[in-house]
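Notes follow once the structure below has been shown.
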Amino acid sequence: MYRSLFPRDVLAEMDRLQRDLQQALDPSPTIRGFARHGYPTLNVGGTPKTIEIYAFAPGLDPATLEVNLERGLLTIAGERKSPLPDKSDKSDKATVHINERFEGRFRRVVTLPDDADPDQVSAKLHDGVLHITIQRRISAQPRRIQIQ
Numbered sequence: 096m097y098r099s100l101f102p103r104d105v106l107a108e109m110d111r112l113q114r115d116l117q118q119a120l121d122p123s124p125t126i127r128g129f130a131r132h133g134y135p136t137l138n139v140g141g142t143p144k145t146i147e148i149y150a151f152a153p154g155l156d157p158a159t160l161e162v163n164l165e166r167g168l169l170t171i172a173g174e175r176k177s178p179l180p181d182k183s184d185k186s187d188k189a190t191v192h193i194n195e196r197f198e199g200r201f202r203r204v205v206t207l208p209d210d211a212d213p214d215q216v217s218a219k220l221h222d223g224v225l226h227i228t229i230q231r232r233i234s235a236q237p238r239r240i241q242i243q
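Printed below as a string of C-alpha cells:
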C-alpha cells in the first residue's frame with residue numbers, strides 16, 4: 096500500500112521553520128531599532144524624562160510574564176499556552192486546519208540607553224498591552240541654564 100513520506104501539515108511545518116529561522120537571523124533589538132517578527136511585538140519610544148516600551152501580548156496572564164532589568168538590558172519573557180486541543184488527547188476529535196497564533200516560550204531583550212534609571216521602573220498590563228515606563232536619570236535630563 097501507498098504510504099505518505101510527509102506529514103499532512105508539511106506546509107505549516109515549513110512555514111514555522113521559516114519563521115524560526117528568520118527570527119534567529121534577525122539582529123537583537125535595541126532602543127534605536129529592532130528586528131520584526133518577534134513576539135510580543137514592541138513599540139519603543141520616549142520623552143525627555145522617560146523611556147516608554149509597549150509590548151502587545153493579548154490573552155496573557157500577568158503571572159506568566161517576567162520583566163527583568165539588568166545592566167542596561169530589559170528582558171520580557173513568558174509563555175503563551177495554546178487554546179487549541181492537545182494532539183495527545185484522543186477523546187477530542189477536533190482537527191486544526193490553520194494555526195497562525197504564536198504559542199510557546201518567548202523572550203525579547205531591549206538594550207536601554209545609558210541614562211535609564213534602573214531604580215525607577217514600572218510595568219502595567221492592561222487590555223493585552225504591557226506598558227513599561229523607565230525614568231531617565233535626573234542628571235541626564237535637559238535643563239535650562241540661567242544666564243547671570
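Every position in the sequence shown, counted from 1, becomes a number in the numbering used here once 95 is added. Even for Gly, the Cβ is constructed at its ideal location relative to N, Cα and C. A quick note: this is a predicted structure, and the numbers were derived from the prediction, not measured.
Exclusion of the five residues before and after residue 141 leaves 147 as the residues of its chain whose Cβ lies within less than 7 Å of its Cβ.
Of the other Cβ atoms in all chains shown, fewer than 16 fall within 10 Å of the Cβ of residue 158; this residue is therefore exposed.
Here residue 191 is exposed, its C-beta having fewer than 16 other C-beta atoms within 10 Å.
Annotation: the continuous beta strand (DSSP E) that includes residue 230 extends over 224–231. Within the region 138–192, the beta strand (DSSP E) runs of at least 3 residues that lie entirely inside it are, in chain order, 145–151, 160–165 and 168–175.
Taking the C-beta atoms as reference points, residue 134 is found no nearer than 7 Å to residue 224. In this structure, the alpha-carbon of residue 205 lies about 42 Å from that of residue 243.
Distance from the Cα of residue 137 is smallest, within the candidate group 117, 151 and 218, for 151. If you draw a straight line from the Cα of residue 198 to the Cα of residue 215, it comes to about 32 Å.
The Cβ-Cβ distance between residue 164 and residue 213 falls below 7 Å.
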